[in-house]
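Q: One structure coming up, written as structure tokens, with questions to follow.
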Amino acid sequence: MRGDDTPFPARLTVPRWPSGVPDLPRALAWTFVRAGCAGSARCAIGRWRTQEPAGVVEAGDLPAGFFEGRLVGWRLAVCGEAGRVARVVAAATAAGLLDEEIVVNVESTASARWFCPACGATTTVPAGAGSAGCDGCGRRLQPREHWSPASGQFLCDAS
Amino acid sequence: MTTYRVAGRRSGGPGVLELTLVPDDGAQPAPYVPGSHLPVRAGGVVNAYSLLDDGCRPSAYRIGVRRGCPGGGSAWLHDNARTGTTLVAGPPRSAFAPVLSARSHLLLGAGIGVTPLLSHLRAARRWGRQVELVVGSGAGRDVFASELDDLAPPRTTRVVGRAALRAAVREALSRQPIGTHAYACGPDGFAAEVRSAAADLAWPAGRLHIEHFDAPQLDAGDPFTAELGDTGRELHVPAGTSLLHALDAAGVRLDRMCERGVCGRCEVGVRSGDIRHRDLVLGPADRARGDVMLACVSRGSTTLRLEVP
Ligand code: FES
Ligand SMILES: [Zn+2]
Ligand SMILES: [Zn+2]
């Protein structure tokens, strides 16, 4: 991977997922989301359910309007595979949630999401891939160590 | 600091004065962020007053001044500022700005605390932002009432008395759509009430913005010496000059925003020396460690050795 040469923010970023199942902070209401959640030994859902009553939904079918009608005080907790967790976090961030309102637990890392600077498409690749063709424009993508927590994507060079 | 001339004076309600200031040299005043305040030197002290407009290409600065304790700067302005009076003031400073990514804005004000909210309301109107307003005042003590009448958004609650305001604030906080940011301004007791209601309703800290209206008036302080990092350079900080400004003069520019100890931007590391903390940001643990300070307000009671280049 190449370094990040953008002037601001002048630092390298890679995802930093919590190690170990995080506890849930106090909230008025919770929804738990399974995003490629395998129910493995590292799964958080069981533990979270003992802490808070909450509905559990599959990320694959987050209903349209999932974030509508939610009130401040509500929180989201997401468990599963890194790339798919990142995608849910990105959707939640786009809907206006703050970091403080999202709890994540990553059971496994099998995929990553790459952002193409040429066409803006997102390409999902196996974790650890060194390059891949862009799903949007077919250009060759190479990831930089520049991960956007808000969009859950690595910025790439396209050639 | 710039010299301004009072171009207008009128009442903003019982005990509240509205002053319109224009630069004495005829220049156009600098634009400001909604919710900003203007540090004004009056009666020998510098106080911060909320700016009333949205700050977009202003032709003048309008500020709201509540008559404070006798002998203070606000009382001096009430008694002495007339059309034509000249005053010295610093540039507008922002520590209570609207969050641009917010889905909607909930404005909560008590008494004179409506003044920065007027600025938010004007900006919301200009940019078409979704906003709800809850304000309370003492009986017969409405502040900027006609301006509020004019700017009040469709969702407005105006109440009289402390208990009614407390209930209205709690009710409003309990039904805000996710993505809302709340802004509260009023006396310290009001800020504490809003904080506790928001905490009960599990509002994350990042969604609540409090304007410290009663930021303490600070005395000039005693002179002290600051040593700069490894350079061995020594800096004399006279009484009445902040460490931040002394560093500016020495060519060391720290980040800053509010310049009155409420935003935390001007934090600087301290290697040794006793700090006289005067900010509203650092917690007891930071103070006990004594290894950081806010250079805009805090001072040394001994020589301070600073972590600066
Ligand atoms: S500039 Fe805001 S605390 Fe110093
Ligand atoms: Zn799981
Ligand atoms: Zn592409």
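Those protein sequences? They're chains B and W, same order as listed. Residues in the first sequence are numbered consecutively from 3, following the working numbering. Residues in the second sequence are numbered consecutively from 19, following the working numbering. Every residue gets a Cβ at the ideal spot worked out from N, C-alpha and C, and that includes glycine.
1) So, for P41 of chain W: in the same chain, excluding its five sequence neighbours on each side, which residues have a beta-carbon less than 7 Å away from its beta-carbon?
2) Is it right to say R296 of chain W is buried, meaning 16 or more other beta carbons lie within 10 angstroms of its own, or is it exposed?
3) Could you list which residues in chain W have their beta carbon closer than 7 Å to that of W76 of chain B, in chain order?
4) If you reduce the DSSP assignment to three classes, tell me which class V87 of chain B lands in.
5) Can you pull the chain W neighbours of G98 of chain B, defined as C-beta to C-beta under 7 Å?
6) Give me the subset of the region 271 to 288 of chain W whose CB atoms are less than 9 Å from a CB atom of chain B, sorted by chain position.
7) Do three or more CB pairs link the region 73 to 86 of chain B to the region 30 to 43 of chain B at distances below 8 Å?
8) So with CB distances below 8 Å, who are the chain W contacts of A29 of chain B?
9) Buried or exposed: which applies to W19 of chain B, given that a residue is buried once 16 or more other Cβ atoms fall within 10 Å of its Cβ?
10) Just mark P9 of chain B as buried or exposed, buried being the case when its beta carbon has 16 or more other beta carbons within 10 Å.
11) Tell me which residues of the region 131 to 155 of chain W have at least one Cβ-Cβ distance to chain B shorter than 8 Å, keeping chain order.
12) Please confirm if T259 of chain W has its CB atom under 8 Å from at least one CB of chain B.
13) Look at the alpha carbon of R100 of chain W and the alpha carbon of Q148 of chain W, and state the distance between them as a whole number of angstroms.
14) Within 10 angstroms of the Cβ of E70 of chain B, are there 16 or more other Cβ atoms? Answer buried if so, exposed if not.
15) Specify which residues have a beta carbon nearer than 7 Å to any heavy atom of ligand 1, listing them in chain order.
16) Count the other C-beta atoms from every protein chain shown that fall within 10 angstroms of the C-beta of P55 of chain B, then say buried if there are 16 or more, exposed otherwise.
17) Excluding the five sequence neighbours on either side, which residues of its own chain have a C-beta within less than 7 Å of the C-beta of P145 of chain B, listed in chain order?
18) Under a CB-based cut-off of 8 Å, is F117 of chain B close to chain W?
19) Residues of chain B with CB closer than 9 Å to the CB of A45 of chain W, please, in chain order.
20) Determine the closest residue to C118 of chain B out of B:V23, B:F68 and B:R141, with distance taken between C-alpha atoms.
21) Are the C-beta of G224 of chain W and some C-beta of chain B separated by less than 8 Å?
22) Could you confirm whether any beta carbon from chain W is found closer than 8 Å to the beta carbon of F69 of chain B?
23) Entirely within the region 39 to 86 of chain W and at least 3 residues each: give me those beta strand (DSSP E) ranges in chain order.
24) Would you please state the rounded distance, in angstroms, between the beta carbons of P57 of chain W and V64 of chain W? I believe it to be under 8 Å.
25) Can you tell me the Cβ-Cβ gap for F208 of chain W and A128 of chain W, rounded? I've got them flagged as a contact below 8 Å.
26) Can you tell me where the beta strand (DSSP E) with P145 of chain B in it begins and where it stops?
27) If we define contact as Cβ-Cβ less than 8 Å, is L73 of chain B a contact residue for chain W?
28) Where does N98 of chain W land, buried or exposed, given buried means 16+ other C-beta within 10 angstroms?
29) What residues from the region 180 to 214 of chain W come within 7 Å of chain B, judged by C-beta to C-beta, listed N to C?
30) Under a Cβ-count criterion, where at least 16 other Cβ atoms within 10 Å of its own Cβ denotes burial, should A115 of chain W be classed as buried or exposed?
31) Near D160 of chain W, which residues of its chain fall below 6 Å by C-beta distance, leaving aside the five closest residues on each side in sequence?
32) In angstroms with no decimal places, state the Cα-to-Cα distance between A163 of chain W and S155 of chain W.
33) Could you check if C121 of chain B is buried or exposed, using at least 16 other CB atoms within 10 Å of its CB as the buried criterion?
34) With Q53 of chain B and L26 of chain B assumed to form a contact (beta carbons below 8 Å), what rounded beta-carbon distance in angstroms separates them?
35) If S137 of chain W and G62 of chain W are in contact, beta carbons under 8 Å, what's the gap, nearest whole angstrom?
36) With burial defined as no fewer than 16 other Cβ atoms inside 10 Å of the residue's Cβ, what is the status of T133 of chain W: buried or exposed?
A: For this structure:
1) T20, Y22 and P47
2) buried
3) I196
4) helix
5) R121, I196 and G197
6) none
7) yes
8) A220
9) exposed
10) Because the pLDDT at P9 of chain B is just 35, under 50, the model does not fix this residue reliably, and the value given afterwards should be weighed accordingly. Exposed is the call here.
11) none
12) no
13) 38 Å
14) exposed
15) W:A113, W:L262, W:R274, W:M275, W:C276, W:E277, W:R278, W:G279, W:V280, W:C281, W:G282, W:R283, W:C284, W:D297, W:V299, W:L312, W:A313, W:C314 and W:V315
16) exposed
17) M3, W116, F156 and C158
18) no
19) Per Cβ cutoff of 9 Å: no residues; A45 of chain W is ~31 Å from chain B at best.
20) B:R141
21) yes
22) yes
23) 55 to 60, 63 to 68 and 79 to 84
24) 5 Å
25) 4 Å
26) R142 to S150
27) yes
28) exposed
29) R193, Q194, P195, I196, G197 and T198
30) buried
31) G31
32) 10 Å
33) exposed
34) 5 Å
35) No, S137 of chain W and G62 of chain W are not in contact; Cβ-Cβ is about 27 Å, not under 8 Å.
36) buried
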